[in-house]
Amino acid sequence: MTAPDLHPHTDRPRPASVTPMSLQGGVPPAQRAWRLKSFARDRAALAAAIFLVVIAVAVVFAPVLSAYTPDEADNLARNAPMGTAGHLLGTDQQGRDMLARLLYGGRVSLIVGVVPTIVAGLIGLLLGVLAGFFRGLADQIIMRCLDVIFAFPMVLLAIAIAGAMRPGVLTEVIAITVVLIPYFARLARTATDGVMPMPFIEAARAAGGSSFTILTRYVLPNVFSPVVVYATTLMGLMIVVGSGLSFLGLGVQPPTADWGAMVADGRVVLRKAPHVTVLPGLLILVVSLAFNFIGDGIRDALDPRTIRR
Amino acid sequence: MGAFLAKRFLGVLPVIFGVSIVIFLLVQLAPGDTATVLLGPQATEAAKEELRRALGLDRPLAVQYFQWLGRVLTGDFGTSIATQIPVLDLVLPRFVNTLILTAASLLLAIVLGYGIGFFTALRANSLFDRIATSCMLMAGSAPPFWLGLVLVLVFAIDLGWFPVSGMEDFAGDGGTMDLLHHLVLPAVTTALGPAAIIARIVRSGILDVLGRAHVRVARSKGLQRRDLLRRHVILNALPPIVTITGLQLGYLLGGALLTEVVFAWPGLGSLLYDSITARDLPVLQAATLLIALAFVLANIAVDAINAMLDPRLREI
Chain G
5 MTAPDLHPHT DRPRPASVTP MSLQGGVPPA QRAWRLKSFA RDRAALAAAI
55 FLVVIAVAVV FAPVLSAYTP DEADNLARNA PMGTAGHLLG TDQQGRDMLA
105 RLLYGGRVSL IVGVVPTIVA GLIGLLLGVL AGFFRGLADQ IIMRCLDVIF
155 AFPMVLLAIA IAGAMRPGVL TEVIAITVVL IPYFARLART ATDGVMPMPF
205 IEAARAAGGS SFTILTRYVL PNVFSPVVVY ATTLMGLMIV VGSGLSFLGL
255 GVQPPTADWG AMVADGRVVL RKAPHVTVLP GLLILVVSLA FNFIGDGIRD
305 ALDPRTIRR
Chain H
103 MGAFLAKRFL GVLPVIFGVS IVIFLLVQLA PGDTATVLLG PQATEAAKEE
153 LRRALGLDRP LAVQYFQWLG RVLTGDFGTS IATQIPVLDL VLPRFVNTLI
203 LTAASLLLAI VLGYGIGFFT ALRANSLFDR IATSCMLMAG SAPPFWLGLV
253 LVLVFAIDLG WFPVSGMEDF AGDGGTMDLL HHLVLPAVTT ALGPAAIIAR
303 IVRSGILDVL GRAHVRVARS KGLQRRDLLR RHVILNALPP IVTITGLQLG
353 YLLGGALLTE VVFAWPGLGS LLYDSITARD LPVLQAATLL IALAFVLANI
403 AVDAINAMLD PRLREI
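Residue numbers (the numbering used here), protein chains in the order written: chain G, 5 to 313; chain H, 103 to 418.
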């Protein structure tokens with residue numbers, strides 16, 4: 005694995021890292037194919053991508069894969085261990101089938117990790133590009149406002165926002181989106197700075213292109229790919245942050261399952277039935293790890309400077 | 103250095119002002135009417151109106167903000183809705199406990215991260231490197247609250263080496279040893295994630311410097327391995343590593359908040375959790391503000407350390 009230019013946990017994108025995309029406008033098809041191949045050669049990233057597809061299909065088809073509904077309690081089989089007949093992954097303290105709860109719960113957990121990252125990525129992209137393109141007062145206002153959000157540790161602000169609002173999935177999504185926007189905006193702003201002095205922008209200006217044309221046709225496409233790479237690496241972390249909010253009871257409300265809330269539920273039977281806590285956490289870990297591998301793979305594939313060791 | 107710090111403090115003032123606005127606005131996010139929350143659903147409309155006037159809730163938002171800010175600047179965060187204790191008295195002792203946990207975790211993260219990063223870099227691509235790097239990768243992706251529970255399961259419940267939760271043993275006579283005994287599991291839980299990232303950065307930083315020309319020259323001059331590492335590798339690899347370590351502070355603080363809930367550590371994180379459960383918004387505001395302020399100050403400290411290591415940064 006190579007040195008991460010941009011890691012989700014390092015809080016801030018480093019300016020040197022935002023030029024992985026070729027800055028000459030569009031990507032020639034040959035190069036695109038090379039990148040796809042380069043991603044496919046990265047076995048860890050490929051395996052992670054396949055794994056995530058399997059998980060996504062499994063949670064979507066939860067009703068087909070599980071004989072139980074997630075809230076169906078079997079009072080005679082509480083805290084059943086893994087491998088119990090009829091309950092492959094055991095049951096929780098209320099006798100609910102763990103496999104069913106993990107599958108249905110995965111829907112919420114994946115949504116909470118993926119949706120805010122995409123929404124914040126789009127809003128941040130727009131804000132950052134506008135700030136970098138127009139400069140001046142707009143830039144000052146946007147970036148100073150984002151500095152304020154940067155002054156909070158990410159998890160703290162998400163907890164505070166979600167804690168003040170009514171608990172629920174939407175609350176979780178909003179809280180995570182708000183704390184993520186500045187990270188994307190700053191990245192997009194730096195990337196825009198890298199694009200603006202390029203000759204093709206000057207050429208577009210000289211050819212009489214309007215601000216709108218230059219923005220949409222020349223700036224956005226070049227800023228887009230670092231944002232996509234960053235979003236992929238962030239999704240893993242956001243699954244963890246989102247499940248943290250659910251663990252605190254700020255997300256889905258009982259009896260609805262999600263992986264973070266399941267870990268919290270399992271605490272009371274930690275001695276008697278450790279699998280109730282261990283399984284959902286393990287899933288959060290593996291899914292988050294998979295997103296990180298994919299993020300690394302995409303970054304390496306897009307970055308021509310990457311030398312495989 | 104004095105001028106550098108003064109400039110950093112001045113620069114951070116507008117940010118702190120902005121932070122206070124965000125924290126004031128948090129209450130506006132809360133569903134329901136503040137007077138109803140304070141007086142309960144049975145209160146008469148007249149009583150609610152009276153309270154609103156007394157609290158200034160009938161004034162424009164901007165006026166309310168400056169009134170609130172004025173009180174906060176004098177240390178008056180109001181009274182806790184749940185416990186009727188002045189918020190500051192509730193928050194300050196908890197803040198100290200959070201600092202203890204965070205400081206211990208930071209120390210552990212640095213020792214673990216630098217140690218593992220350094221030794222994996224020196225034995226790059228060996229079996230030890232592969233195992234250590236994979237373990238750290240897993241630790242870095244694990245949710246901290248879950249990691250805490252797994253550690254409790256293994257080291258507290260199964261092996262019985264450490265207490266399950268809390269900060270002191272009420273049956274015993276307390277003291278530093280007791281505190282340390284209680285501190286181990288929460289600190290390890292909080293530290294592992296940041297340690298994993300630091301280790302990764304240290305490893306690649308050292309590998310990067312090892313491949314540079316000056317190291318090759320020094321090696322071909324016949325310099326001993328130890329001197330080579332000490333004089334030419336470590337110092338050159340350090341500045342970017344310190345920056346990344348500083349950036350872990352936010353992650354560490356966030357992790358500590360969750361860890362506190364798992365281990366019932368009596369700090370700001372568990373207070374935050376209680377205040378959310380009880381919808382005790384003044385406490386939520388005060389705890390959030392204190393942690394944000396501590397984070398801003400810690401970032402200035404990181405900048406100062408960086409400036410000490412690299413004189414070029416002092417110009418900015």
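Ideal placement from N, C-alpha and C gives every residue a C-beta, glycine not left out.
- Residues of chain G with a Cβ closer than 7 Å to the Cβ of Gly356 (chain H) are, in chain order, Pro157, Met158, Val159, Leu160.
- If you check each beta-carbon in the segment 268-296 of chain G against every beta-carbon of chain H, the ones closer than 7 Å belong to Arg271, Leu274, Arg275, Pro278, Thr281, Val282, Gly285, Ile288, Leu289, Ser292, Leu293, Asn296.
- Minimum Cα-Cα distance from Ala305 (chain G) among the listed residues G:Met239, G:Ala265, G:Ser250, G:Val232 corresponds to G:Val232.
- Taking a beta-carbon distance threshold of 8 Å, Phe251 (chain G) counts as an interface residue toward chain H.
- Where Thr361 (chain H) is concerned, the enclosing alpha helix (DSSP H) starts and stops at 337-365.
- The beta carbon of Arg275 (chain G) is closer than 6 Å to none in its chain, skipping five residues each way along the sequence.
- Bounds of any alpha helix (DSSP H) do not take in Pro143 (chain H), whose DSSP letter is neither H nor E.
- Looking only at H:Gln326, H:Val254, H:Gly356, the smallest Cα-Cα distance to Phe365 (chain H) is reached by H:Val254.
- Residue pairing by DSSP places Arg100 (chain G) opposite G:Ala77 in a beta bridge.
- For Arg105 (chain G), none of the residues of chain H pass the 8 Å Cβ criterion, the least Cβ distance being about 16 Å.
- Listed in chain order, the non-local C-beta contacts of Leu386 (chain H) below 6 Å within the same chain comprise Ser377, local neighbours out to five positions each way being set aside.
- Distance from the CA of Ala206 (chain H) to the CA of Val282 (chain G), rounded to the nearest whole angstrom, comes to 26 Å.
- Distance check between Gly307 (chain H) and each of H:Gly324, H:Thr347, H:Leu325, H:Val286 places H:Thr347 closest, using alpha-carbon atoms only.
- Distance from Ala265 (chain G) to Ser250 (chain G) at the Cβ level is roughly 4 Å; contact confirmed, criterion being Cβ atoms closer than 8 Å.
- At a Cβ-Cβ threshold of 8 Å, Tyr216 (chain H) and Ile300 (chain H) count as neighbours.
- Residue range 278-312 is occupied by the alpha helix (DSSP H) that includes Thr291 (chain H).
- It is roughly 7 Å from the alpha-carbon of Tyr375 (chain H) to the alpha-carbon of Leu252 (chain G).
- With contacts defined by Cβ atoms closer than 8 Å, Asn338 (chain H) and Met269 (chain H) do not form a contacting pair.
- His284 (chain H) and Thr73 (chain G) have their C-alpha atoms spaced approximately 41 Å apart.
- For Leu255 (chain H), at least one C-beta of chain G is nearer than 8 Å to its own C-beta.
- By the rule that beta-carbons nearer than 8 Å mark a contact, Arg221 (chain G) does not touch chain H.
- For the pair of segments examined, the segment 243-263 of chain H was found to touch the segment 282-297 of chain H: the number of CB pairs separated by less than 8 Å reaches three.
- Using a Cβ distance threshold of 8 Å, Arg111 (chain G) and Ala77 (chain G) do not count as a contacting pair.
- Within the DSSP secondary-structure output, Thr95 (chain G) pairs in a beta bridge with G:Asp101.
- Here the alpha carbon of Val193 (chain H) sits roughly 16 Å from the alpha carbon of Thr204 (chain H).
- Val182 (chain G) is not a Cβ neighbour of Gly255 (chain G), given a cutoff of 8 Å.
- When Cβ-Cβ separations below 8 Å define contact, Asp46 (chain G) makes no contact with chain H.
- Counting C-beta atoms within 10 angstroms of its own C-beta, Leu355 (chain H) has 16 or more neighbours from the protein chains shown and is therefore classed as buried.
- By the 16-neighbour rule on beta-carbons within 10 angstroms, Val159 (chain G) is buried.
- Here Thr138 (chain H) carries a helix assignment [DSSP, helix/strand/coil].
- Taking a C-beta distance under 8 Å as the contact criterion, Ala52 (chain G) and Ala268 (chain G) do not qualify as a contact pair.
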